[in-house]
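Visitor: For the record, in the first sequence the residue sitting at position 572 is 756 according to this note's numbering, with numbers rising by one throughout. C-beta atoms are modelled at their ideal positions from N, C-alpha and C, and glycine is treated no differently. Have a look at this one.
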Amino acid sequence: MSSLRCIAKHPAISLIESSTTLNELKQIHTQLLVNSLLNDHHLLGQFVASIALHNPNNLYYSNHVLSQCPNPTLFTFNSMIRAYSKSSTPHKSFHFYKRILRSDDNLSPDNYTFNFLVRTCAQLSARETGPSVHCAVVKHGFENDPHIQSGLIFMYAELGWLSSCHQVFGEIPEPDVVCQTAIVSACAKCGDVGFARELFDKMPQRDPIAWNAMIAGYAQCGKSREALNLFHLMQMEGVKVNQVCMVSVLSACSHLGALDQGRWAHAYIERNKLPMTLTLGTALIDMYAKCGDMNKAMEVFWGMSEKNVYTWSSAMSGLTMNGFGKKCLELFSLMKQDGIHPNEVTFVSVLRGCSVVGLVDEGREHFDSMRRVYGLEPQLEHYGCMVDLYSRAGRLDEALNFINSMPIKPHAGAWGALLNACRMYKNRELGELASRKIVELEAKNHGAYVLLSNIYADSKNWDAVSNVREIMKAKGVRKLPGCSVLEIDGEVHEFLVGDKSHPRYNEIELMLGEISRRLKLAGYVANTNPVLFDIEEEEKEDALCQHSEKVAIAFGLISLREGMPIRIVKNLRVCWDCHDVTKLISRLFNREIIVRDRNRFHHFKDGECSCKGYW
DNA sequence: CTAGGGTTAG
Numbered sequence: 185m186s187s188l189r190c191i192a193k194h195p196a197i198s199l200i201e202s203s204t205t206l207n208e209l210k211q212i213h214t215q216l217l218v219n220s221l222l223n224d225h226h227l228l229g230q231f232v233a234s235i236a237l238h239n240p241n242n243l244y245y246s247n248h249v250l251s252q253c254p255n256p257t258l259f260t261f262n263s264m265i266r267a268y269s270k271s272s273t274p275h276k277s278f279h280f281y282k283r284i285l286r287s288d289d290n291l292s293p294d295n296y297t298f299n300f301l302v303r304t305c306a307q308l309s310a311r312e313t314g315p316s317v318h319c320a321v322v323k324h325g326f327e328n329d330p331h332i333q334s335g336l337i338f339m340y341a342e343l344g345w346l347s348s349c350h351q352v353f354g355e356i357p358e359p360d361v362v363c364q365t366a367i368v369s370a371c372a373k374c375g376d377v378g379f380a381r382e383l384f385d386k387m388p389q390r391d392p393i394a395w396n397a398m399i400a401g402y403a404q405c406g407k408s409r410e411a412l413n414l415f416h417l418m419q420m421e422g423v424k425v426n427q428v429c430m431v432s433v434l435s436a437c438s439h440l441g442a443l444d445q446g447r448w449a450h451a452y453i454e455r456n457k458l459p460m461t462l463t464l465g466t467a468l469i470d471m472y473a474k475c476g477d478m479n480k481a482m483e484v485f486w487g488m489s490e491k492n493v494y495t496w497s498s499a500m501s502g503l504t505m506n507g508f509g510k511k512c513l514e515l516f517s518l519m520k521q522d523g524i525h526p527n528e529v530t531f532v533s534v535l536r537g538c539s540v541v542g543l544v545d546e547g548r549e550h551f552d553s554m555r556r557v558y559g560l561e562p563q564l565e566h567y568g569c570m571v572d573l574y575s576r577a578g579r580l581d582e583a584l585n586f587i588n589s590m591p592i593k594p595h596a597g598a599w600g601a602l603l604n605a606c607r608m609y610k611n612r613e614l615g616e617l618a619s620r621k622i623v624e625l626e627a628k629n630h631g632a633y634v635l636l637s638n639i640y641a642d643s644k645n646w647d648a649v650s651n652v653r654e655i656m657k658a659k660g661v662r663k664l665p666g667c668s669v670l671e672i673d674g675e676v677h678e679f680l681v682g683d684k685s686h687p688r689y690n691e692i693e694l695m696l697g698e699i700s701r702r703l704k705l706a707g708y709v710a711n712t713n714p715v716l717f718d719i720e721e722e723e724k725e726d727a728l729c730q731h732s733e734k735v736a737i738a739f740g741l742i743s744l745r746e747g748m749p750i751r752i753v754k755n756l757r758v759c760w761d762c763h764d765v766t767k768l769i770s771r772l773f774n775r776e777i778i779v780r781d782r783n784r785f786h787h788f789k790d791g792e793c794s795c796k797g798y799w
């Protein structure tokens, strides 16, 4: 075995690279000690580096071995910095940087050192360390290293300092495609997608990664249509599409709720045999979940051989969003059995699941376990979920107590959950309090006014209703115009409230009349009171036909084959009247109607909705 | 023997 000492890669190193458990590492370590191989400083350093690079979960073991290493080399230190830059405690990289500077062997940091340190700073998003590392880069004369340059752009983008990105980029005489892509990505990340696109269009050569960066940029800032358009352009130009790109494409489909396009993307992945990575599988689950096809989402989920916390959380969030609170909680148990550690995001779904199912005590236990068992500090979202949990169960006083005992200042969302319950349980007094608090926090929160006015309308207090309306006018509170989208054969049809510009509007109008006729026959009386002032106020239109999702449903009925569910994505929450009407339509027309509003899904079937009337 | 740009959940 000792004859192998001179070979660059010792067989033990290969073993380390493939070992995942601490025990395996310890065995190799013992083996090396037995063979006296670790007296060789070079091999010991390589051993430390290999553990660090290939066993990121066992970094403390690298530290342990390193402590037995009398004179680590620069290579060893660099490897430790690199490993820590990717760990959950990136700041520890600096410990090794200091050791380089203080070393007895007169080590001095090299281009590798700084490259890794820059990545550490990006990871840290720390406002001071980034620029000081940048200074050190200049001081040591590495500012012309292209690896470090692209790293600096990435780092400043993570900090949100777009002008610094531009400055670094501007000082590169002939930036290569990597640095050009980095600046495109930085602009998109920092909110200037328009400029990112200009730079992208000006790139003399665009490789697949550059395309992906631009598509991802669009997807991340919510410009999903642009993301898909660029993806189609990419295909027309014959650029090779890979699995990373498809993650962004699926993400765009998720946001749009575009099931047809999402299905197409899935088929494309299979047709082109793109590797089904963990990330890609997770993106697929998210796409199906956000498009309302939870069966398919779970099919993908169960088919995945490896799942991480993102995968589980995506599935769990999809289940609660689609009204399967109980299944979400079951999945949470399985996840823990699988040894996956939940994080803050996971708990949002857990608490929402409890809320939907009405498990107040269990929810409380999960909430308490966040800190006690998992060391997770509850965030505003979790407090909001707890308020919703109590509120939904009708325990409004407990909800209020919970808000009042929050260690952080309650946000509009917490009061909003209470206000929503006040509408459900017709509690005028508490509703007034909640909406006053919301307006204090967000003077132009349209939803708060609407819910309050609905509470007044329910108690037929019309003076108060018009008073709220006056206040809104005085404060210039504007609501977002309602908009519903549905996809027919992959083509997206958008319906804005009151907009009659659709080429088939005549047919739609006929169908709206037919709906109206059947509803009346079924004994439906338009609930006109709340319509006086609704989530989607529209004064001039006929009360029954005004809201965008009704128009979209009518269009769905005339353009989708019988038996095909109508899938609608709405930018606002569904109003009471539309909810009632949609339930009826699902029965009268024997049609499944799936509406994604801004918070959750409503699956309407046989006159019932999956939300059971609380949303 | 170590490096660069693009990807997922609330």
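Using the three-state DSSP reduction, which class does F326 fall into: helix, strand or coil?
Guide: If you number the first sequence from 1, residue 326 lands on position 142. DSSP places F326 in coil when its eight states are reduced to three.
Visitor: So what does DSSP say about E582, is it helix, strand or coil?
Guide: Within the first sequence, residue 582 is the residue found at index 398, counting from 1. Helix, per DSSP.
Visitor: Compute the Euclidean distance between the alpha carbons of G406 and W448, then round it to the nearest angstrom.
Guide: One-based indexing of the first sequence puts residue 406 at position 222. One-based indexing of the first sequence puts residue 448 at position 264. Each residue's Cα considered, the two are about 20 Å apart.
Visitor: With a cut-off of 8 Å, do at least 3 Cβ pairs link the stretch 669 to 678 to the stretch 652 to 659?
Guide: Counting Cβ pairs under 8 Å, fewer than three are found: no touch.
Visitor: For K789, which residues does DSSP report across the bridge?
Guide: As a first step, residue 789 is located in the first sequence; it is residue number 605 there, counting from the start. Partner(s): E792.
Visitor: Pull up the DSSP beta-bridge partners for E671, would you.
Guide: Position 487 of the first sequence, counted from the start, is the residue given in the question as residue 671. V676, per the DSSP bridge assignment.
Visitor: With DSSP as the reference, identify every bridge partner of I777, one or two as the case may be.
Guide: As a first step, residue 777 must be located in the first sequence, where it is residue number 593. Answer is I750, F788, bridged to I777.
Visitor: Should H525 go down as buried or exposed, given a rule of 16 or more other Cβ atoms within 10 Å for buried?
Guide: The sequence position of residue 525 within the first sequence is 341, counting from 1. The residue is exposed, with fewer than 16 neighbouring Cβ atoms inside 10 Å.
Visitor: Suppose only complete runs of 4+ residues qualify. What are the alpha helix (DSSP H) ranges in the stretch 239 to 320, listed by chain order?
Guide: 243 to 250, 258 to 269, 277 to 286, 295 to 308, all fully within the stretch 239 to 320.
Visitor: When burial is assigned at 16 or more other CB atoms within 10 Å of the CB, is C319 buried or exposed?
Guide: Indexing the first sequence from 1 puts residue 319 at position 135. By the 10 Å Cβ count, C319 comes out exposed.
Visitor: Suppose the cutoff is 6 Å on Cβ atoms and the five residues either side in sequence are ignored; what does the same chain contact list for T304 look like?
Guide: Taking the first residue of the first sequence as position 1, residue 304 is located at position 120. Correct list, in chain order: S269, P274, S277.
Visitor: Tell me the rounded alpha-carbon separation between L716 and Y558.
Guide: What you label residue 716 is simply residue 532 of the first sequence in a count that begins at 1. What you label residue 558 is simply residue 374 of the first sequence in a count that begins at 1. Any reading at L716 needs caution, since the residue's pLDDT is 47, under 50, leaving its predicted position unreliable; the model's value is listed next. Cα-Cα distance, rounded: 48 Å.
Visitor: Starting from the C-beta of L258, find all residues in its chain whose C-beta is less than 6 Å away, skip the five residues before and the five after it, and write them out in chain order.
Guide: Position 74 of the first sequence, counted from the first residue, corresponds to residue 258. Closer than 6 Å at the Cβ level, and outside the excluded window around L258, lie L291.
Visitor: So, at 8 Å on beta carbons, what are the nonlocal neighbours of D360 in its own chain, with the 5 sequence-adjacent residues on each side left out?
Guide: In the first sequence, counting from the first residue as 1, residue 360 sits at position 176. Excluding residues within five positions, the ones whose Cβ falls inside 8 Å are P330.
Visitor: Compute the Euclidean distance between the alpha carbons of A499 and Q404, then round it to the nearest angstrom.
Guide: Walking along the first sequence from the start, residue 499 turns up at place 315. Walking along the first sequence from the start, residue 404 turns up at place 220. Cα to Cα, the separation comes out at about 20 Å.
Visitor: Considering only the alpha carbon of each residue, which of T205, S334, P293 lies closest to H324?
Guide: Within the first sequence, numbered from 1, the residue matching residue 324 stands at position 140. Among T205, S334, P293, the Cα nearest to that of H324 belongs to P293.
Visitor: Where do the N-terminal and C-terminal ends of the alpha helix (DSSP H) with R688 fall, by residue?
Guide: Translated into positions along the first sequence, residue 688 becomes position 504. Neither: R688 is in no alpha helix (DSSP H) and is coded neither H nor E.
Visitor: Give the secondary structure of A710 by DSSP, where H, G and I count as helix, E and B as strand, and everything else as coil.
Guide: Numbered from 1 along the first sequence, position 526 holds the residue referred to as residue 710. The answer is coil: DSSP assigns A710 none of H, G, I, E or B.
Visitor: For S334 and I356, what's the separation of their Cα atoms in angstroms?
Guide: Here the question's residue 334 lines up with position 150 in the first sequence. Here the question's residue 356 lines up with position 172 in the first sequence. Each residue's alpha carbon lies about 10 Å from the other.
Visitor: Can the beta-carbon of M339 be found closer than 8 Å to that of V302?
Guide: Along the first sequence, one-based indexing puts residue 339 at 155. Along the first sequence, one-based indexing puts residue 302 at 118. Cβ distance < 8 Å, so M339 and V302 count as in contact.
Visitor: Decide if V486 is buried, meaning its Cβ has at least 16 other Cβ atoms within 10 Å, or exposed.
Guide: Taking the first residue of the first sequence as position 1, residue 486 is located at position 302. Here residue 486 is Trp; the residue named in the question, Val, does not match the sequence. Answer is exposed; the Cβ neighbour count stays below 16.
Visitor: Y574 and E582 look like a contact to me (Cβ under 8 Å); what is the Cβ gap, rounded to whole Å?
Guide: Walking along the first sequence from the start, residue 574 turns up at place 390. Walking along the first sequence from the start, residue 582 turns up at place 398. With a Cβ gap of about 5 Å, Y574 and E582 count as contacting.
Visitor: Check P388 in the structure and name its three-state DSSP category.
Guide: The count along the first sequence starts at 1 and reaches residue 388 at position 204. Three-state DSSP puts P388 in coil, outside helix and strand.
Visitor: Taking only three categories from DSSP, how would you classify A508?
Guide: Counted from its first residue, the first sequence places residue 508 at position 324. At residue 508 the sequence reads Phe, which differs from the Ala that was named. Here F508 sits in coil by DSSP.
Visitor: For M748, collect the residues of the same chain with a Cβ closer than 7 Å to its Cβ; drop the 5 residues on either side in sequence, then sort them by chain order.
Guide: For the purposes of this step, residue 748 is taken as residue 564 along the first sequence, with counting starting at 1. Nothing meets the Cβ criterion.
Visitor: Three-state secondary structure (DSSP) at C363?
Guide: On the first sequence, residue 363 is found 179 positions in, with the first residue counted as 1. C363 falls in the helix class under three-state DSSP.
Visitor: Out of curiosity, what's the CA-to-CA distance linking L694 and A736?
Guide: In the first sequence, counting from the first residue as 1, residue 694 sits at position 510. In the first sequence, counting from the first residue as 1, residue 736 sits at position 552. Going from the Cα of L694 to the Cα of A736 covers about 13 Å.
Visitor: Please work out which residues of its chain come closer than 6 Å, Cβ to Cβ, to E678, disregarding the five sequence neighbours upstream and downstream, and give them in chain order.
Guide: Within the first sequence, residue 678 is the residue found at index 494, counting from 1. Excluding sequence neighbours, E678 sits near V669.
Visitor: Within a Cβ cutoff of 7 Å, which residues of the same chain sit near G791, ignoring the five residues on either side of it in sequence?
Guide: Against the first sequence, residue 791 aligns to sequence position 607. K767, L768, S770, R771.
Visitor: Am I right that V652 and Y633 are in contact with their C-beta atoms under 8 Å? What's the rounded C-beta distance?
Guide: Here the question's residue 652 lines up with position 468 in the first sequence. Here the question's residue 633 lines up with position 449 in the first sequence. That belief holds up - the Cβ atoms of V652 and Y633 are roughly 6 Å apart, short of 8 Å.
Visitor: If we ignore side chains and look at the alpha-carbon of each, how far apart do Q364 and L209 end up?
Guide: Working through the first sequence from its first residue, we reach residue 364 at position 180. Working through the first sequence from its first residue, we reach residue 209 at position 25. Looking at the two C-alpha atoms, the distance is approximately 41 Å.
Visitor: For S203, I'd like the list of residues in its chain whose CB is within less than 6 Å of its CB, leaving aside the five on either flank, ordered along the chain.
Guide: Counted from its first residue, the first sequence places residue 203 at position 19. Same-chain partners within the cutoff: L209.
Visitor: Does W599 pass the burial test, meaning 16 or more other C-beta atoms within 10 Å, or should it be called exposed?
Guide: As a position in the first sequence, residue 599 is number 415, starting the count at 1. W599 is buried by the Cβ-count criterion.
Visitor: Please state the DSSP three-state secondary structure of V765.
Guide: As a position in the first sequence, residue 765 is number 581, starting the count at 1. V765: helix per DSSP, three-state reduction.
Visitor: Out of curiosity, what's the CA-to-CA distance linking N241 and P256?
Guide: Here the question's residue 241 lines up with position 57 in the first sequence. Here the question's residue 256 lines up with position 72 in the first sequence. Their backbone Cα atoms lie some 21 Å apart in a straight line.
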